[in-house]
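Input: a single structure, listed below in structure tokens.
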Amino acid sequence: MNTALVIGVLATSIMSGASLLYATLGEMIGERAGIVNLGLEGIMLIGASTGFAATALTANPYVGVVAAAAAGAAANLIFAYLVVGRSANQLAAGLSLMFFGFGLSALLGRPFVGALTHSLPRLTLSGLEPNGTAARLLSHDILVYLALPVALLIWWLLFRTRWGLQLRAVGEDPAVAFAAGLKPNVLRYQALTIAGVLGGIGGAHVSVALALTWVEGMTAGRGFIAIALVIFAKWNPLWAVAGALLFGGAEGLQLQLQAAGADVSPFIMNMLPYLLTLLVLVLWGWSRQLAAPAALGRSFVGVE
Amino acid sequence: MRHDGATLWRLASAQAKAFALAAVIALAVFAMLLSVAGKDPLRAYVDTLVYVFGNAYGFSELLVRMVPLLLTAVAVALPARIGLINVGGEGQLYMGAWLTTAGALAFAEWPAFVLLPTLTLLGFVGGGLWALIPGALRALRLVNETISTLLLNYVAPLIVGYFIFGPWRSPESSAYPQSPAFVEAAQLPTFFHSRVHAGLLYALACLVLYWFVMTRTRFGLEMRAIGGNPEAARRLGVPIFSYMLAVMFVAGGVAGLAGMAEVTAIQGRLVSELSPGYGFIGFLVSWLARTGAGGILTMSFLFAVISSVGDILQITQGLPFAVVNILMAVILFIVLAQPARSVGR
Amino acid sequence: MTRDDGSPLLEAFGVVKRFGGLVANDVAHFAVCAGEVVALLGENGAGKSTLAKILYGYYAADAGEIRVGGRRVDITSPHDTRALGIGMVFQNFTLIPALSVFENVALFQKDLPAVLPRREILKRMHLYADRFRLAVDPRTLVRDLAVGDRQKVEILKQLVAGARVLILDEPTKVLAPQETVGLFNTIDEMRADGLGVVLITHKLREVLARASRIVVMRQGRVAGVLDRSEASEQKLLALMFGDAFDPPAPRPRAGRENAGTCALELIRVSTSGGRMPLRDVSMKVRTGEVVGIAGVSGNGQRELGDLILGLQHPGTGTKLLWNEDASRWPVARLRQKGVAAIPDDPLALACVPGMTVRENLALGSGTRYRVGLGVNWPALDADMQRSFARLTFPRSSFDAVAATLSGGNLQRAVLARELAHEPKLIIALYPTRGLDARSAAAVRRLLFEARDRGAAVLMVSEDLDELFEVCDRLHVLYRGAIAGEFGPEHFSADVIGPRMVGASEHADAA
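Chains as they are written, first to last, in numbering that gives the first Met the number 0: chain G, 0 to 303; chain R, 0 to 344; chain A, 0 to 509.
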């Protein structure tokens with residue numbers, strides 16, 4: 000096996016997977032609380048456009064990322080108010096949020112189409128030989144480096160703290176949780192705010208670190224891949240890391256394979272995340288395993 | 000509550016008032032947004048009204064826009080009646096377009112009066128089979144249809160893309176890949192020198208048939224029973240399994256017709272960007288209309304008008320068309336925030 | 000809460016609770032002391048659960064005083080009782096299946112720190128689990144546990160939270176026989192440790208084996224309190240059912256041996272799944288007779304109904320309909336062949352609430368009114384009006400939406416539909432539940448008439464009086480199996496009652 004090929008694929012997987020991972024982790028927290036957000040694509044676009052615009056205006060990519068996080072949180076709070084505060088239909092609210100994201104990002108990003116801006120700087124660990132294998136593999140922006148720690152943090156938060164336990168209880172059986180003295184709505188608002196922050200960051204990473212530009216609709220369905228990934232990872236942050244590498248790497252693998260002369264259609268590769276998730280769902284259904292938070296509702300995952 | 004005319008009218012007008020209020024507020028909010036962006040919202044609104052209602056071409060464009068919305072809305076409403084959630088209109092549309100293209104390219108020598116019905120059938124079958132997969136998975140109690148239709152939404156355009164870049168790649172155009180143009184015989188006829196095409200007839204026919212089946216046939220009765228109380232329906236002998244399969248197939252087929260119309264009437268060929276989210280807008284239309292046929296007609300019309308605002312914004316104000324999605328979304332937010340929308344999925 | 004000064008752990012005085020016009024509880028005195036197991040015994044509807052829920056803080060009593068450890072307390076919710084050390088284990092567990100045992104226990108504790116103190120909680124769990132024989136692996140997910148183990152977790156979580164009085168509501172109802180042994184071991188340990196246990200049950204054998212004191216309730220009041228030493232099955236039954244019981248004298252019936260052909264026959268049918276799977280059920284229902292199924296609800300009645308009506312297929316065994324193997328027939332075919340169902344909850348099970356009465360009438364009628372794609376409404380209307388008239392029901396407007404009808408009117412509409420076409424086999428599940436006396440009598444008359452016209456009728460009911468009046472033969476269903484078949488000569492509560500609660504065969508002999 001050509002090491003350059005493997006390195007190339009891994010590097011792309013890591014870069015591409017990072018944005019996916021942030022969005023996935025955010026959606027995962029929301030779904031653990033029992034809320035499915037189909038508007039994740041919209042949140043990512045808002046994050047991407049806001050991040051890019053803020054970076055261009057302040058010439059500081061870190062400011063861009065923070066702005067994107069704030070914008071993502073704000074947009075998700077609209078969604079949170081509708082589904083938690085007003086008990087609105089989650090699917091309709093999510094799709095509305097998606098369209099909102101399409102439009103708002105187009106409006107925000109318009110003045111910046113074609114602009115060049117400072118990207119998030121790549122940080123290479125000191126002491127490594129430049130252009131060496133290790134350097135190529137380990138030369139990423141701060142968001143990529145933070146992705147794994149964030150995933151671990153979220154795992155810890157969900158499974159080792161009182162907040163996480165209560166959140167999961169709310170996502171499983173809000174009635175029992177309420178009877179045990181918990182406050183489901185407060186927990187859900189908190190979860191969705193975090194989800195908005197992470198989704199915004201995921202979007203910002205695409206525009207400020209990966210593509211270094213702004214184009215309408217540039218997240219190209221990553222939001223939906225993230226939704227699929229949450230399922231594929233069985234609502235577990237650690238599996239999400241592996242899945243993000245896998246799903247994020249599909250595109251990279253295809254490019255590298257083409258460069259190496261193998262002719263694999265990018266379209267087939269891009270189908271894999273969805274088909275794999277569907278396959279996993281069929282297998283779970285077959286073996287009667289339902290891994291989803293029970294109160295995520297019949298509307299999204301139940302079959303009864 | 001009685002199902003008589005007076006009550007229905009009262010409900011419908013209450014609903015309409017609520018929606019109108021939401022629209023007004025949204026228009027105001029959108030106007031503020033546009034002003035901040037340095038544009039002239041009032042000018043845009045006036046231009047839209049003139050374009051759509053004062054101009055034959057504008058009005059015809061409105062009708063053209065309504066076609067896919069009507070079809071995808073029915074594609075959501077029909078399964079909703081038996082309690083199934085179909086968010087896969089996008090994918091079903093693409094697969095309808097795909098199978099239509101296969102036929103258009105393969106049977107290019109056929110005369111129109113044979114080719115067009117064949118393509119219509121292919122469009123229906125393409126979308127229908129695509130929806131049958133999630134339908135079967137649900138009927139067999141394996142996978143929830145909301146998630147499976149959602150996942151398949153993204154596989155369909157990739158299949159289309161594969162064919163456009165590969166076996167069906169048109170030799171002439173190098174700018175962006177697309178299929179060869181369809182022959183004249185494969186294109187739906189248009190009316191009155193506008194772009195209004197026979198697809199409008201398909202859409203209206205589907206809507207009328209949907210209404211007829213639901214309200215006047217025993218199938219509609221049994222479907223409403225499944226949707227209203229599946230346990231009772233089961234105990235009364237209604238074959239729920241068969242209905243799930245049949246309804247999903249037909250729903251997918253209707254969305255497939257939207258795809259067929261797009262490639263045979265609007266685009267004249269298969270391209271990679273066939274739909275700006277018609278499948279999802281159809282979901283929202285059906286939801287707003289609470290799956291009622293009349294509501295679907297009205298809401299499709301209104302959403303087509305909103306979309307014309309987008310055109311105006313693009314042409315006269317230099318904004319990307321996508322910006323109009325903000326207006327659409329804000330209307331929906333306001334409607335969603337209103338309490339007690341118990342029906343409607 | 001002290002146990003040193005000898006005052007009861009939990010005591011209630013003069014507790015009264017009304018639901019509407021019904022007096023659910025009127026209890027002068029109830030107490031649980033340290034180290035004792037108090038059984039709260041009574042039939043369904045006797046008021047045991049209501050009293051328990053009041054003690055637990057789930058309901059607020061209309062009158063009365065509750066004392067904990069000798070001190071009067073105000074209880075407004077289960078949170079208060081939890082703090083006071085009173086715990087309750089319901090029949091429906093309040094566990095979250097997808098979480099682990101540890102997580103469920105942790106969730107229930109008060110004043111949990113922000114970071115879960117795993118080691119500490121696990122230590123306490125092990126302590127209590129060992130002490131009270133409630134060993135379960137803390138890492139297992141609750142949904143992977145058998146019911147008996149889930150119950151252990153319910154009990155454990157209350158004990159870890161500091162409960163000194165534990166109320167158990169029908170704990171053996173959901174357990175397999177071997178699991179009850181484990182439960183009673185735990186109860187013994189709790190008693191030895193000075194806890195107080197309230198055991199709510201209707202099962203005599205348990206009570207006689209385990210309780211230190213037995214409080215028998217009937218119709219909301221305490222009918223009697225016996226120490227274990229002085230209790231016997233006979234005395235308890237007398238208190239439960241009342242010796243002022245007025246059975247209709249067993250009517251000499253014309254023998255129904257010549258009742259006609261066998262309409263329905265079950266041969267050693269067993270099912271799986273459901274709350275109470277059927278075990279080796281065999282029975283016959285012939286044309287021209289009414290066969291009754293007696294039993295406390297939850298012992299397999301619904302499963303039996305579902306099986307006969309085609310909603311579930313037998314796992315083993317055969318179902319014969321007029322001597323044809325109908326084990327795998329779909330519901331529609333059974334209805335077409337003349338099987339009619341009268342359910343206990345018509346709104347939930349037999350009609351679509353959002354549709355009109357007329358549409359609901361059409362729905363159950365199969366292919367009878369098909370015309371082209373639509374429905375022959377005029378013919379349906381005519382037939383249904385005739386059915387209403389024949390049954391002498393007041394006709395409600397067919398245009399009304401089903402959800403707006405009263406319970407009685409809805410049941411009548413369902414009856415009119417089911418009986419409209421002279422069904423040959425009628426399955427009636429608690430057909431008079433919720434009906435006033437006159438309507439109930441009318442329904443019973445209908446079943447008679449159907450029988451006299453040659454239908455075969457199977458009737459499930461909890462009301463022994465009703466069964467004695469209507470049925471020609473009676474089976475008792477207990478824990479999914481037939482616990483006896485009786486002819487009219489045995490129709491009395493003394494004979495049937497004990498079988499319904501699993502008592503021994505010779506209860507009536509002593």
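Backbone N, C-alpha and C fix where the C-beta goes; we use that ideal spot for every residue, glycine too.
Given the structure is predicted, the values throughout are model-derived calculations rather than measurements.
| Among A:R367, A:A340, A:V500, A:R478, nearest to M458 of chain A - alpha-carbon criterion | As a working mapping, residue 458 of chain A is identified with position 459 in the third sequence. Of A:R367, A:A340, A:V500, A:R478, the residue nearest in Cα terms is A:A340.
| Along chain R, which residues have their Cβ under 7 Å away from the Cβ of T2 of chain G? | Residue numbering aside, residue 2 of chain G sits at position 3 when the first sequence is read from its first letter. Counting only Cβ-Cβ distances below 7 Å, T2 of chain G has no contacts in chain R at all, with the closest Cβ about 30 Å away.
| request: Specify the secondary structure class of V500 of chain A as computed by DSSP and reduced to three states. | output: Locating residue 500 of chain A in the third sequence gives position 501, counting from the first residue. Coil at V500 of chain A, not helix or strand.
| Cα-Cα separation between A19 of chain R and L303 of chain A, rounded to whole angstroms | For the purposes of this step, residue 19 of chain R is taken as the residue at position 20 of the second sequence. For the purposes of this step, residue 303 of chain A is taken as the residue at position 304 of the third sequence. So the two alpha carbons sit approximately 54 Å from each other.
| said: Within 7 Å of any Cβ in chain A, is that where the Cβ of A190 of chain G sits? | reply: Numbered from its first residue, the first sequence carries residue 190 of chain G at position 191. Judged by the 7 Å Cβ criterion, A190 of chain G is not in contact with chain A.
| request: Taking a Cβ distance cut-off of 9 Å, strictly less, list which residues of the region 160–174 of chain R are near chain A, in chain order. | output: None of the residues of the region 160–174 of chain R has a beta carbon lying less than 9 Å from any beta carbon of chain A.
| Since L473 of chain A sits in a beta bridge, which residues does DSSP pair it with? | Translated into the one-based positions of the third sequence, residue 473 of chain A becomes position 474. As DSSP reads the structure, L473 of chain A sits in a beta bridge with A:G291, A:F485.
| Short CB-CB distance (under 7 Å) between C32 of chain A and chain R | Numbered from 1 along the third sequence, position 33 holds the residue referred to as residue 32 of chain A. Answer no: the Cβ-Cβ gap between C32 of chain A and chain R never drops below 7 Å.
| Given a threshold of 16 other Cβ atoms within 10 Å of its Cβ, counted over all protein chains shown, does V45 of chain R qualify as buried or as exposed? | As a first step, residue 45 of chain R must be located in the second sequence, where it is residue number 46. So V45 of chain R counts as exposed.
| field | DSSP-derived helix/strand/coil call for P246 of chain A | value | Start at 1 with the first residue of the third sequence, and residue 246 of chain A comes out as number 247. Because the pLDDT of P246 of chain A is 44, which lies under 50, any placement of that residue in the model is unreliable, and the question is left without a value.
| field | CA nearest to the CA of P183 of chain G, picked from G:E171, G:A194, G:I193 | value | Residue mapping note: residue 183 of chain G aligns to position 184 of the first sequence, counting from 1. Answer by Cα proximity: G:E171.
| field | Contact belief for A91 of chain G with W286 of chain R at Cβ below 8 Å, rounded distance in angstroms | value | Along the first sequence, one-based indexing puts residue 91 of chain G at 92. Along the second sequence, one-based indexing puts residue 286 of chain R at 287. About 5 Å; that satisfies the 8 Å criterion.
| message | Taking the alpha carbon of L282 of chain G as the reference point, which residue from R:V142, R:M31, R:P40 has its own alpha carbon closest? | response | The residue given as residue 282 of chain G occupies position 283 in the first sequence. It is R:V142 whose Cα lies nearest to the Cα of L282 of chain G.
| said: Tell me the residue span of the alpha helix (DSSP H) that contains N408 of chain A. | reply: Walking along the third sequence from the start, residue 408 of chain A turns up at place 409. From DSSP, the alpha helix (DSSP H) with N408 of chain A extends over 406–418.
| field | Unbroken alpha helix (DSSP H) run spanning T80 of chain A, endpoints | value | Along the third sequence, one-based indexing puts residue 80 of chain A at 81. T80 of chain A -> alpha helix (DSSP H) spans 77–83.
| CB contact below 7 Å: R31 of chain G versus chain A | The count along the first sequence starts at 1 and reaches residue 31 of chain G at position 32. Judged by the 7 Å Cβ criterion, R31 of chain G is not in contact with chain A.
| field | CB contact check: R9 of chain R to chain A, cutoff 7 Å | value | By 1-based counting over the second sequence, the position of residue 9 of chain R is 10. By this cut-off, R9 of chain R is not an interface position.
| query | Whose Cβ in chain G lies nearer than 7 Å to the Cβ of T93 of chain A? | reply | Taking the first residue of the third sequence as 1, we reach residue 93 of chain A at position 94. Chain G residues near T93 of chain A: V175, A178.
| query | Taking the C-alpha atoms as reference points, what is the distance between D148 of chain A and A97 of chain A? | reply | Taking the first residue of the third sequence as position 1, residue 148 of chain A is located at position 149. Taking the first residue of the third sequence as position 1, residue 97 of chain A is located at position 98. Rounded to whole angstroms, D148 of chain A to A97 of chain A spans 15 Å at the Cα level.
| task | Show which residues of chain R have a CB atom less than 8 Å away from the CB atom of S264 of chain G. | result | For the purposes of this step, residue 264 of chain G is taken as residue 265 along the first sequence, with counting starting at 1. Around S264 of chain G, the beta-carbon contacts reaching into chain R at under 8 Å are Y161, F164, G165.
| message | At the level of alpha carbons, what is the spacing between P345 of chain A and G227 of chain R? | response | Position 346 of the third sequence, counted from the start, is the residue given in the question as residue 345 of chain A. Position 228 of the second sequence, counted from the start, is the residue given in the question as residue 227 of chain R. Each residue's alpha carbon lies about 14 Å from the other.
| request: Find the residues of chain R that neighbour I77 of chain G, judging by a C-beta separation of less than 8 Å, and give them in chain order. | output: The residue labelled residue 77 of chain G in the question sits at position 78 within the first sequence. Under the 8 Å cutoff, chain R gives F332.
| field | With 16 other Cβ atoms within 10 Å as the buried cut-off, status of D343 of chain A | value | The residue labelled residue 343 of chain A in the question sits at position 344 within the third sequence. Buried, because 16 or more other Cβ atoms sit within 10 Å of the Cβ of D343 of chain A.
| request: Mark S405 of chain A as exposed unless 16 or more other C-beta atoms lie within 10 angstroms of its C-beta, in which case mark it buried. | output: Taking the first residue of the third sequence as 1, we reach residue 405 of chain A at position 406. By the neighbour-count criterion, in which 16 or more other beta carbons inside 10 Å mark a residue as buried, S405 of chain A falls on the exposed side.
| request: Give the straight-line distance between the Cα atoms of L26 of chain R and V75 of chain R, rounded to the nearest whole angstrom. | output: On the second sequence, residue 26 of chain R is found 27 positions in, with the first residue counted as 1. On the second sequence, residue 75 of chain R is found 76 positions in, with the first residue counted as 1. Their Cα atoms are separated by approximately 27 Å.
| query | From A:L194, A:A134, A:R163, pick the residue whose C-alpha is nearest to that of V152 of chain A; which is it? | reply | For the purposes of this step, residue 152 of chain A is taken as the residue at position 153 of the third sequence. For V152 of chain A, the nearest C-alpha among the options comes from A:A134.
| query | Between W8 of chain R and Q14 of chain R, what straight-line distance do the alpha-carbon atoms span, to the nearest angstrom? | reply | As a working note, residue 8 of chain R is residue 9 in the second sequence. As a working note, residue 14 of chain R is residue 15 in the second sequence. Taking the straight line joining both Cα atoms gives about 10 Å.
| field | Residues of its chain near A22 of chain R, where Cβ-Cβ distance is below 6 Å and the 5 sequence neighbours each way are ignored | value | Locating residue 22 of chain R in the second sequence gives position 23, where the first residue counts as 1. For A22 of chain R, where only same-chain residues beyond five positions count, the Cβ hits under 6 Å are I330.
| query | Helix, strand or coil: which one does DSSP assign to H204 of chain G? | reply | Numbered from 1 along the first sequence, position 205 holds the residue referred to as residue 204 of chain G. DSSP places H204 of chain G in helix when its eight states are reduced to three.
| query | What is the DSSP secondary structure of F191 of chain R, counted as helix, strand or coil? | reply | Looking up residue 191 of chain R in the second sequence gives position 192. Three-state result, F191 of chain R: coil.
| task | Closer than 7 Å by beta-carbon distance: list the chain G residues that pair up with V304 of chain R, in chain order. | result | On the second sequence, residue 304 of chain R is found 305 positions in, with the first residue counted as 1. For V304 of chain R, no chain G residue has a Cβ inside 7 Å of its Cβ, as the nearest lies near 16 Å away.
| Ordered list of alpha helix (DSSP H) runs contained in the region 141–217 of chain A, each at least 4 residues | Listed in chain order, the alpha helix (DSSP H) elements of length 4 or more contained wholly in the region 141–217 of chain A are 146–159, 176–191, 203–209.
| said: Between the alpha carbons of P176 of chain R and G165 of chain R, how many angstroms are there, rounded? | reply: Walking along the second sequence from the start, residue 176 of chain R turns up at place 177. Walking along the second sequence from the start, residue 165 of chain R turns up at place 166. Looking at the two C-alpha atoms, the distance is approximately 9 Å.
| alpha helix (DSSP H) segment containing R223 of chain R, residue limits | Here residue 223 of chain R refers to the residue found at position 224 when the second sequence is read from its first residue. Element bounds for R223 of chain R: 217–227.
| request: State the start and end residues of the unbroken beta strand (DSSP E) segment that holds T315 of chain A. | output: Position 316 of the third sequence holds residue 315 of chain A. T315 of chain A -> beta strand (DSSP E) spans 315–320.
| task | Name, going along the chain, the residues of the region 202–221 of chain A whose beta-carbon falls closer than 9 Å to a beta-carbon of chain G. | result | Listed by position, the residues of the region 202–221 of chain A near chain G (Cβ gap below 9 Å) amount to none.
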